[in-house]
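K.L.:
Encoded as structure tokens, here's the structure I'll be asking about.
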């Protein structure tokens, strides 16, 4: 048997980050070394509380949680309460977790330490803004060479954004951080954006199937996605929600899940109309070497199989999700 993949997750825990954590914790393919938290869907403090709550619910309070950046590198914070709710998880947050303290240490510094402890072994999965990774790379640029791979959810290549006409939320919130990461020299950098994630829809049929097979978790997932699904229907006319962050997690479990193409990629940071949009040189006009693998296709049956099997491995609980 192959050994489990050493993983560091970075989250801004709103609804789909929470579902990404479920997938990660339910996968035997992962040895989760730590979870770091950043600003994004909600504030840093709320995201940390949500992360602690999810990990306790899946009975993994052993995983270290480190708080990182409370704001983008140079910009003011921007939150997404309309999609995820004021607390980030559709009103499911419990106040007692706000009083809990994550593990000691600043996430970018702890990430640098972990990369030196496991050189060329650590897979980094980022499902929020890339601020923590950018800060780590700015503090110690040499760590880029120690990273096995980075998978990040963010951006869109073909089609509209979900926060502006051109930009996806994570890249729009901190495009300067994305630029640092794209130009850091990381040898394996995979972008998982709206081109593929908007295809991975959690619809009513899938929800009912989860509720039948795993009653607690099916009801928990239904509850946590309530506002997200309502918002998705309002905006898109579809009764479902996109599993953006779980798809990035799944790509680390099974890389063949995605069809990726290597391209030179940059990001717009100084535009009044396209700020935060990825610029992917598909025709090689700039004559520059590729610096990212761009996801343009997805095996949806394989993804949902991975997700459902991970949920099936989570500890079943008897109480009703609150």
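Numbering (our numbering), first residue to last: 14 to 335. By construction, the Cβ of each residue, glycine as well, lies at the ideal position given by its N, Cα and C atoms.
Quick one: what does DSSP say residue 9 is sitting in, helix, strand or coil?
P.N.:
In this structure the chain extends from 14 to 335, so residue 9 is not present and cannot be described.
K.L.:
Distance, Cα to Cα, residue 210 vs residue 21?
P.N.:
Here residue 210 corresponds to residue number 197 of the chain shown, with the count starting at 1. Here residue 21 corresponds to residue number 8 of the chain shown, with the count starting at 1. So the two alpha carbons sit approximately 21 angstroms from each other.
K.L.:
At a cut of 8 angstroms, does the region 131 to 139 reach the region 98 to 108 through at least three beta carbon pairs?
P.N.:
Result no; under three Cβ-Cβ pairs closer than 8 angstroms.
K.L.:
With distances taken between CB atoms, is the gap from residue 353 to residue 104 smaller than 9 angstroms?
P.N.:
Outside the shown range of the chain (14 to 335) lies residue 353, about which nothing can therefore be said.
K.L.:
Which residues share a DSSP beta bridge with residue 9?
P.N.:
Any property of residue 9 remains undetermined from this structure, which presents the chain solely from 14 to 335.
K.L.:
Would the beta-carbon of residue 220 fall within 9 angstroms of that of residue 279?
P.N.:
As a working mapping, residue 220 is identified with position 207 in the chain shown. As a working mapping, residue 279 is identified with position 266 in the chain shown. Against a cut-off of 9 angstroms, the Cβ pair of residue 279 and residue 220 comes out as no contact.
K.L.:
Using only CA atoms, which one of 122, 149, 157 and 163 lies nearest to residue 343?
P.N.:
Coverage of the chain is limited to positions 14 through 335, which leaves residue 343 absent and any answer about it impossible.
K.L.:
Please report how far the alpha carbon of residue 25 lies from the alpha carbon of residue 61, in whole angstroms.
P.N.:
As a working mapping, residue 25 is identified with position 12 in the chain shown. As a working mapping, residue 61 is identified with position 48 in the chain shown. The alpha-carbon atoms of residue 25 and residue 61 are separated by roughly 8 angstroms.
K.L.:
Whose C-beta lies closer than 6 angstroms to the C-beta of residue 334 among residues of the same chain, with five residues either side of it excluded?
P.N.:
The count along the chain shown starts at 1 and reaches residue 334 at position 321. Around residue 334: 232, 233 and 236.
K.L.:
Report yes if the CB atom of residue 34 is closer than 9 angstroms to the CB atom of residue 68, and no otherwise.
P.N.:
The residue you call residue 34 lines up with position 21 of the chain shown. The residue you call residue 68 lines up with position 55 of the chain shown. Going by C-beta atoms, residue 34 is nearer than 9 angstroms to residue 68.
K.L.:
State the Cα-Cα distance for the pair residue 318 and residue 73, rounded to the nearest angstrom.
P.N.:
On the chain shown, residue 318 is found 305 positions in, with the first residue counted as 1. On the chain shown, residue 73 is found 60 positions in, with the first residue counted as 1. When rounded, the distance between both Cα atoms is 22 angstroms.
K.L.:
Give the DSSP bridge partners of residue 43, in chain order.
P.N.:
In the chain shown, counting from the first residue as 1, residue 43 sits at position 30. DSSP, once it has assigned bridges, lists 18 as partnering residue 43.
K.L.:
Closest to residue 39 by C-alpha separation, out of 322, 331 and 16, would be which residue?
P.N.:
Walking along the chain shown from the start, residue 39 turns up at place 26. Comparing Cα-Cα distances from residue 39 to each of 322, 331 and 16, the minimum goes to 322.
K.L.:
Taking the beta strand (DSSP E) that residue 136 falls in, what are its first and last residues?
P.N.:
The residue you call residue 136 lines up with position 123 of the chain shown. That run of the beta strand (DSSP E) goes 136 to 139.
K.L.:
Assuming the contact rule is C-beta atoms closer than 8 angstroms, residue 113 and residue 65 should be a hit. Round their C-beta distance to whole Å, please.
P.N.:
The sequence position of residue 113 within the chain shown is 100, counting from 1. The sequence position of residue 65 within the chain shown is 52, counting from 1. 5 angstroms between Cβ atoms; contact.
K.L.:
Extract the residue ranges of the beta strand (DSSP E) inside the region 256 to 294, only unbroken runs of 3 or more that lie entirely within it.
P.N.:
Entirely contained in the region 256 to 294, the beta strand (DSSP E) runs reaching 3 residues are, in chain order, 271 to 276, 278 to 280 and 291 to 293.
K.L.:
Scan the region 49 to 125 and note each continuous alpha helix (DSSP H) run of 4 residues or more that stays entirely inside, going in chain order.
P.N.:
Counting only runs of 4 or more, we get 57 to 70, 94 to 97 and 108 to 111.
K.L.:
Whose CA, out of 17, 100, 81 and 28, lies closest to the CA of residue 48?
P.N.:
Locating residue 48 in the chain shown gives position 35, where the first residue counts as 1. The shortest Cα separation from residue 48 among 17, 100, 81 and 28 belongs to 81.
K.L.:
So, under 8 angstroms CB-CB, residue 364 and residue 151 are touching, yes? Tell me the CB distance rounded to an integer number of Å.
P.N.:
Residue 364 cannot be examined here, being either before or after the span of the chain that is shown, 14 to 335.
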